[in-house]
Amino acid sequence: MLPALLVVVAVVQTGGVVTVELPAGRELGRFPLASHTMGVFVAPDGALWLPSAEREETVVARLGQAGETIGGRLVPLFFREPDRLYAVFPGELVALAYPERVRIASWPLPRGLSPTFAACSHDGRVVAVLTTAPPAQVVLVFPFDQGQTATVPLSGFPSPRLLALSDGFLAVGGEGRVGLWPLGFSEGVQVNVPGTVAGMAWSPDGRELFLLLAAPGSEVWRVPVPKKASRVPKPKRVWQGEGEPRALALTEEGLLVLEDQSVHLLSPKGRELGQGAVAGGYALGVIPSRPISGAVPWSDSQP
Numbered sequence: 004m005l006p007a008l009l010v011v012v013a014v015v016q017t018g019g020v021v022t023v024e025l026p027a028g029r030e031l032g033r034f035p036l037a038s039h040t041m042g043v044f045v046a047p048d049g050a051l052w053l054p055s056a057e058r059e060e061t062v063v064a065r066l067g068q069a070g071e072t073i074g075g076r077l078v079p080l081f082f083r084e085p086d087r088l089y090a091v092f093p094g095e096l097v098a099l100a101y102p103e104r105v106r107i108a109s110w111p112l113p114r115g116l117s118p119t120f121a122a123c124s125h126d127g128r129v130v131a132v133l134t135t136a137p138p139a140q141v142v143l144v145f146p147f148d149q150g151q152t153a154t155v156p157l158s159g160f161p162s163p164r165l166l167a168l169s170d171g172f173l174a175v176g177g178e179g180r181v182g183l184w185p186l187g188f189s190e191g192v193q194v195n196v197p198g199t200v201a202g203m204a205w206s207p208d209g210r211e212l213f214l215l216l217a218a219p220g221s222e223v224w225r226v227p228v229p230k231k232a233s234r235v236p237k238p239k240r241v242w243q244g245e246g247e248p249r250a251l252a253l254t255e256e257g258l259l260v261l262e263d264q265s266v267h268l269l270s271p272k273g274r275e276l277g278q279g280a281v282a283g284g285y286a287l288g289v290i291p292s293r294p295i296s297g298a299v300p301w302s303d304s305q306p
């Protein structure tokens with residue numbers, strides 16, 4: 004017998020966070036937020052990180068527990084190593100121990116860079132930092148290679164707003180277009196799509212990029228990665244919704260689509276597997292089914 008499908012998501016609404024179990028759509032709980040958040044970032048151990056967009060503070064919460072407020076606005080970039088994270092600070096990329104938040108290493112960013120969005124590859128080998136201040140560009144930082152950097156210019160790219168990294172490709176989403184660049188190369192391809200990109204997520208194998216578009220309404224499109232870097236792929240629509248698109252995520256169980264009034268669980272081919280009513284959601288996080296702690300066990304009974 005196949006195991007039952009179960010996904011738990013955290014949806015940020017104005018004034019709070021609600022957790023929902025899919026495919027049943029059952030609400031598991033909620034807790035308040037004092038301010039608008041920049042998003043929800045889920046750690047490998049299942050903790051929810053909610054940096055405030057209005058105050059110099061971050062709320063850290065867990066399923067079924069009240070949130071804890073810590074000083075400072077921290078937008079964490081988690082990857083497969085559960086005991087560390089990246090964060091972009093003014094003028095530098097920093098690696099922090101997790102959960103202690105102790106600085107491990109840092110790498111300089113180009114002078115004058117004003118980050119608007121950042122993303123990290125699953126293996127942690129590449130961090131991408133988007134700046135839309137002229138000239139618009141993406142700076143790639145390779146922490147495992149002494150912090151070497153590469154620049155992807157975005158001149159002529161229409162309103163770049165989102166990044167997504169696989170272990171081999173960079174994707175940039177904007178108004179009516181998505182760009183794909185092999186990591187470490189300044190030349191890639193740009194694909195026209197019928198709407199503004201509201202969300203992006205890579206398949207686990209990095210062979211497909213899923214897009215959430217405002218078209219109007221919401222649509223999910225699948226973009227195959229070209230075998231030749233110069234070949235422009237043909238995107239295909241796999242799902243069409245009725246609400247306003249808010250966020251997209253991908254797990255082993257399927258695609259998660261957040262609209263303004265609901266959250267949906269889809270198969271990679273776009274079949275609806277379940278949904279829940281969530282009004283006013285604007286950010287989405289997926290709580291891992293098998294949390295991994297970054298804390299190091301310690302005992303004074305050991306030599």
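The number in the numbering used here is simply the position in the sequence shown, starting from 1, with 3 added. The C-beta atom is built at its ideal place from N, Cα and C for all residues, glycine as well. The structure displayed is predicted, hence computed values, not measured ones.
Per DSSP, what kind of secondary structure is residue i in: helix, strand or coil?
| i | result |
| --- | --- |
| residue 147 | helix |
| residue 20 | strand |
| residue 239 | strand |
| residue 188 | coil |
| residue 125 | coil |
| residue 101 | coil |
| residue 246 | coil |
| residue 164 | coil |
| residue 2 | The structure shown has nothing for residue 2, since the chain only spans 4 to 306. |
| residue 327 | For residue 327 there is no data in the structure shown, the boundaries of the chain being 4 and 306. |
| residue 272 | coil |
| residue 120 | strand |
| residue 8 | coil |
| residue 306 | Caution is warranted here: a pLDDT of 36 is assigned to residue 306, below 50, making its placement in the model unreliable, and the coordinate value is therefore given only provisionally. Three-state DSSP puts residue 306 in coil, outside helix and strand. |
| residue 57 | coil |
| residue 203 | strand |
| residue 180 | strand |
| residue 252 | strand |
| residue 301 | At residue 301, the pLDDT of 45 sits below 50, so the modelled position is not reliable and the matter cannot be decided from this model. |
| residue 13 | strand |
Are residue i and residue j touching if we call contact CB-CB under 8 Å?
| i | j | result |
| --- | --- | --- |
| residue 266 | residue 233 | no |
| residue 248 | residue 221 | yes |
| residue 363 | residue 161 | The structure shown has nothing for residue 363, since the chain only spans 4 to 306. |
| residue 53 | residue 40 | yes |
| residue 314 | residue 213 | Absent from the structure is residue 314, since the part of the chain shown begins at 4 and ends at 306. |
| residue 51 | residue 90 | no |
| residue 138 | residue 158 | yes |
| residue 252 | residue 218 | no |
| residue 64 | residue 105 | no |
| residue 85 | residue 296 | yes |
| residue 126 | residue 294 | no |
Could you spell out where the beta strand (DSSP E) holding residue i opens and where it closes?
| i | result |
| --- | --- |
| residue 285 | 284-290 |
| residue 74 | 71-74 |
| residue 137 | Unbroken run through residue 137: none, as it is neither H nor E. |
| residue 221 | 221-227 |
| residue 35 | 29-35 |
| residue 266 | 265-269 |
| residue 278 | 275-280 |
| residue 61 | 60-64 |
| residue 87 | 87-92 |
| residue 257 | 257-262 |
| residue 173 | 172-176 |
| residue 214 | 211-217 |
What residues in its chain sit with their C-beta under 6 Å from that of residue i, if we drop five residues either side in the sequence?
| i | result |
| --- | --- |
| residue 38 | 55, 57 and 58 |
| residue 183 | 172, 174, 191 and 192 |
| residue 243 | 222 |
| residue 128 | 147 |
| residue 264 | 246 and 282 |
| residue 229 | 236 |
| residue 62 | 53, 70 and 72 |
| residue 24 | 11 and 31 |
| residue 239 | 225 |
Given residue i, which residues of its chain have a CB within under 7 Å of its CB, disregarding the five upstream and five downstream residues?
| i | result |
| --- | --- |
| residue 325 | Because residue 325 is not part of the residues shown, which for the chain are 4 to 306, the question remains open. |
| residue 195 | 179 and 180 |
| residue 26 | 8, 268, 276 and 277 |
| residue 18 | 35 and 36 |
| residue 134 | 116, 117, 118, 119 and 140 |
| residue 151 | 145 |
What does a CB cutoff of less than 8 Å around residue i pick up in its chain, not counting 5 residues either side in sequence?
| i | result |
| --- | --- |
| residue 216 | 196, 197, 198, 199, 200, 201, 222, 223, 224 and 248 |
| residue 2 | Residue 2 is absent from the structure shown; the chain starts at 4 and stops at 306. |
| residue 333 | A query on residue 333 cannot be resolved here, the shown segment of the chain reaching from 4 to 306 and no further. |
| residue 209 | 169, 170, 171, 172 and 228 |
| residue 16 | 281, 282, 283, 284 and 285 |
Three-pair Cβ contact test at 8 Å for the stretch 284-298 versus the stretch 70-79: no
The stretch 133-144 touching the stretch 108-119, judged by at least three CB pairs closer than 8 Å: yes
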